[in-house]
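First the structure, in the form of structure tokens, and then the observations on it.
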Amino acid sequence: MSDAVQHCVVLEARGVSKRYDSTLALDRVDFQVRAGAVNVLIGENGAGKSTLMRLLAGVELPNTGDIWMSGRRLDMRSPRDAAAAGIAIVHQELAVMDNLDIAENIFAGRELVRSSALVDRRAEESRGAAALLALGKPIPMRTLAGTLSLGNRQVIEIARALAGNARVLILDEPTSALSATEATALFHVIASLKARGVGIVYISHRLNELLLLGDYFTVLRDGRVVGDGTRDNVDRTWIVERMSGRRIDANQTRAANTSSGNEIPLLEVRGANVKTESVSGSDDLNLAVRKGEIVGIYGLLGAGRTEFLEGLAGARREMPGEVRVDGARIALHSVSDALKAGIALVPEDRQRDGLVPDLSIRENISLASLSGFSRAGFVRRRDESARVHELAEQLHIAARDLELPVTSLSGGNQQKALLARCLMRDPKILLLDEPTRGVDVGAKAEIYRVLRSLAASGLAILFTTSEIEEAQLLADRILVMTQGAFTAEFSAANATDEVLFAAASPRTTVESAA
Amino acid sequence: MNDTRSISASTLLLLLKLRAVLVLVALIIVFALLSPSFLTANNLSILAKHVSITAILAVGMTFVILSGGIDLSVGSIAGLAGMVAGGMLTVGIHGHLSGAFVSICAALAVSLLVGVLNGLLVTQFGVAPFIATLGTLYIARGAALLLSQGRTFPDLAGTPEGGSTGFTALGQSFFLHVPLPVWLMLVITAATVLIAARTPFGRHVYAIGGNERAARLAGIRIDRVKVWTYCFSAVCAGLVGLIIASQLESAHPATGESFELNAIAAVVLGGTSLMGGRGSVGGSLIGACVIGVLADGLVMVGVSEFWQMVIKGVVIVLAVTVDQFQARIQSRLTAAPLSRGDTPRVLA
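Chains as they are written, first to last, in our numbering: chain E, 1 to 514; chain F, 515 to 862.
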């Protein structure tokens, strides 16, 4: 590991805060990036990591606080400014243009030019080739980016960042889609970048990786820095404790679900798979959820959890395998098939898959149930409003007026509105994909409470999460999903942080790297 | 201070929302002052007939645009519908002439067919609405020309002995001193307003335009809704073609050329976003009025045809610019009440 050399700070955020509508995503955060070192940023989803990165990369401006680079205050108004200052970011979703070749990708947006008009292909190819060679990936420059593996695309992005003479390189979950060998190759690249004095910001959920690579550690929780340390005084427990915190009251621990094991499960899945182009995995996913039970699927990003729930919700056109509700086999070709069978999904990405921003809160909530309120083809507004109000009250949706646009709600209340949309269909089985993503602490506890009371009233609840604490707090039973397969099952009582983490890590990554 | 700012902002927002009405009133006042014959009953009646053409097209297309699509084929469908009716009334099928009612129904059925084609191309074959309806624009126009080899079907008034009279009533008759096309416009608009505001279908259209993925996950049958929007647009377009043929007592295959542009302009002037999800049917009616008043008024005032085009273009561009402005103010207003605290703090 790194010796006790004091690396100098190259980039620094001083007291930055960022607010989105009603949520405070970052609260007076200090964060230092040291040159020639791997600066690890850790936190659960919604802790504020990506917001901080957006500020450092010039995508957004902080509400308060400044960003300093080598003792100079930066006034960044766009990603272009950040790039000019020497800050480059490689996003989790790679921004490689498949239709262009490697040289074109590396120099996209800052093409080398000769005779002040024409692209200097030769210079681009030689400089690009040199860059890739330095990264240990001598791929021919004329290769189309679309034909490259994910790992190599990532290298292209890194090369692009370095071609702009980046002094700070931000890597957001760089290994989430990589195979073990590709990840190892990436670690070598990182080591060589360190040696060249580049300050690396490394974001990942994979503890093993962080402990292997990291020199400096910063933990974010709910928009605040809750831990700062160097490799010498950081270990697994230190990270897990600070990441999750013990912030939820003891009285919220769940009453054990006592229903007996021999009744017919409300939801039963046999022989399913979640295979897509990017996810491999098992062909034989089996799962059963009883009436009144809350089952959590814990796993890292890209494990296939979302695909599994979307399949059950009829959103993947065809659910491979066999699905039974109350013992009866159902066909799942469309979302309305699922809704008719009593399965409703609260999707993971509220903005993209859930909310209709132009519609009011009321209209968003009743969206899936309009025909139920209709007589002779017209929506009966009074019935609709009454039912919407009833649910809003039951779920404690904090809105001044249900006729306001749904975007006026805070994240937690938006989530409750989507939950209300599902409940309005009187489902038997409720699926929730990351039920508290982007939701603040108070609303989290509230959502847990609501879900527990729904389960108590007889619903079967199946949710996914990438937060250990959420799995432990909410689920009666936890399944771990790794790379498209269920790899472990725990009762709530046995699911400690350690065993869950261990079960969820694609272990090959670190073993082969070590 | 925050309060006064948000009050003036909400007044501004209201004015912006009513901008089409304000523009309409302003235009009427200006033209009335410039031309004494503008506000005469006779001229208003002519004006209303012109407006009804654009309005029926625009109102019909509003659902398509609200759901995030576009329908470029309406002008051609109008032309085709007129030719179908004209052909059946004057030439007939195998020499057998049809009556007015049958001809009208047949013309509307053909229009509906084009609408179904539009809808299927967009939903089942994944063709972008702009391209799909651009294709049917040419197909329908070509079909209209083929029906008569490019000639006009004249004398649609028909003869009593042929049993083919009555077609002219559609475009020329009055009810309570108001031309029938104007009544049709009002009835269609009223029905469409009701559908938009009060039926599941209307709500689904807005939801699809606002967030198609979310609409799909809410169990809405997106394909079905979209096909219906194109059908509705096409039938309205067919009706317009029939009205024009009835008014002229002849069907010309070039009828309705570039009408789609007027219709789209009217919808946009009425405040409907071309991205879908936001707008209103009533707005499209007002937008059609603005376009109609502008066109007729400029003629009466004696502005040259070339300047008329420039002015129409300026008005459309201005309307869309203001639309962007309104969206920005609106989002600021809805965010404001919840972020009033001066010190940052986490709101539960």
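Idealized CB from N, CA, C, for every residue including glycine.
- Listed along chain F are 720, 721, 722, 723, 724, 725, 728, 729, 732 and 791, each with a C-beta nearer than 9 Å to that of residue 356/E.
- Distance from the CA of residue 522/F to the CA of residue 535/F, rounded to the nearest whole angstrom, comes to 20 Å.
- Residue 359/E reaches chain F at 720, 721 and 724, counting residues in chain order whose Cβ is nearer than 7 Å.
- Less than 8 Å separates the beta-carbon of residue 16/E from that of residue 62/E.
- Where residue 666/F is concerned, there is no enclosing beta strand (DSSP E), because DSSP gives it neither an H nor an E.
- Of the other Cβ atoms in all chains shown, 16 or more fall within 10 Å of the Cβ of residue 419/E; this residue is therefore buried.
- Straight through space, the alpha carbons of residue 549/F and residue 539/F are spaced by roughly 15 Å.
- Residue 69/E: member of the beta strand (DSSP E) spanning 64-69, first to last residue.
- In the DSSP assignment, residue 121/E falls within the unbroken alpha helix (DSSP H) covering 121-134.
- Along the segment 359-379 of chain E, the positions whose C-beta sits under 7 Å from a C-beta of chain F are 359, 363, 367, 368, 370, 371, 374, 377, 378 and 379, read in chain order.
- The Cβ atoms of residue 741/F and residue 633/F sit closer than 8 Å to each other.
- Judged by beta-carbon spacing, residue 759/F lies beyond the 8 Å limit of residue 589/F, meaning their Cβ atoms are not closer than that value.
- Taking 8 Å as the CB threshold, residue 353/E lines the interface with chain F.
- With a minimum length of 4 residues, the unbroken runs of alpha helix (DSSP H) contained wholly in the segment 17-102 of chain E fall at 49-56 and 79-85.
- By the 16-neighbour rule on beta-carbons within 10 angstroms, residue 83/E is buried.
- In the three-state reduction of the DSSP assignment, residue 199/E falls in the strand class, which pools E and B.
- When DSSP states are grouped into helix, strand and coil, residue 788/F belongs to the coil group.
- For residue 594/F, same chain residues with a beta-carbon under 6 Å away, outside a window of 5 residues either side, are 654, 657 and 658 in chain order.
- Contact annotation, residue 213/E with residue 190/E: C-beta distance approximately 6 Å; criterion of less than 8 Å satisfied.
- Residue contact with chain E for residue 643/F: absent (no Cβ-Cβ distance below 8 Å to any residue of chain E).
- When DSSP states are grouped into helix, strand and coil, residue 209/E belongs to the helix group.
- By the neighbour-count definition (other C-beta atoms within 10 Å, threshold 16), residue 607/F is an exposed residue.
- In this structure, DSSP gives residue 639/F a state outside helix and strand, which the three-state scheme calls coil.
- Among the residues of the segment 415-445 of chain E, those with a Cβ less than 7 Å away from any Cβ of chain F are 421, 440, 442 and 443, in the order of the chain.
- Within chain E, the C-beta atoms nearer than 9 Å to that of residue 713/F come from 370, 374, 377, 378 and 379, in chain order.
- Under DSSP, residue 116/E forms no beta bridge with any residue.
- Following the DSSP letters along the chain, one finds residue 532/F in no beta strand (DSSP E), marked with neither H nor E.
- Rounded to the nearest whole angstrom, the C-alpha separation of residue 828/F and residue 834/F is 10 Å.
- The CB of residue 738/F never comes closer than 7 Å to any CB in chain E; the least such distance is about 11 Å.
- Checking the DSSP bridge columns, you'll see residue 564/F has no partner listed.
- Taking the CA atoms as reference points, residue 111/E sits about 42 Å from residue 433/E.
- If you draw a straight line from the Cα of residue 89/E to the Cα of residue 69/E, it is about 16 Å long.
- In summary, the residues of the segment 307-331 of chain E whose CB is separated from some CB of chain F by less than 9 Å are 310, 313, 314 and 315, in the order they occur in the chain.
- For residue 339/E, the chain F residues whose Cβ falls inside 9 Å of its Cβ are 732 and 733, in order along the chain.
- Taking residue 284/E as the centre and dropping the five residues before and after it, the same chain places the C-beta of 271 closer than 6 Å to its C-beta, in chain order.
- The C-alpha of residue 733/F lies about 6 Å from the C-alpha of residue 368/E.
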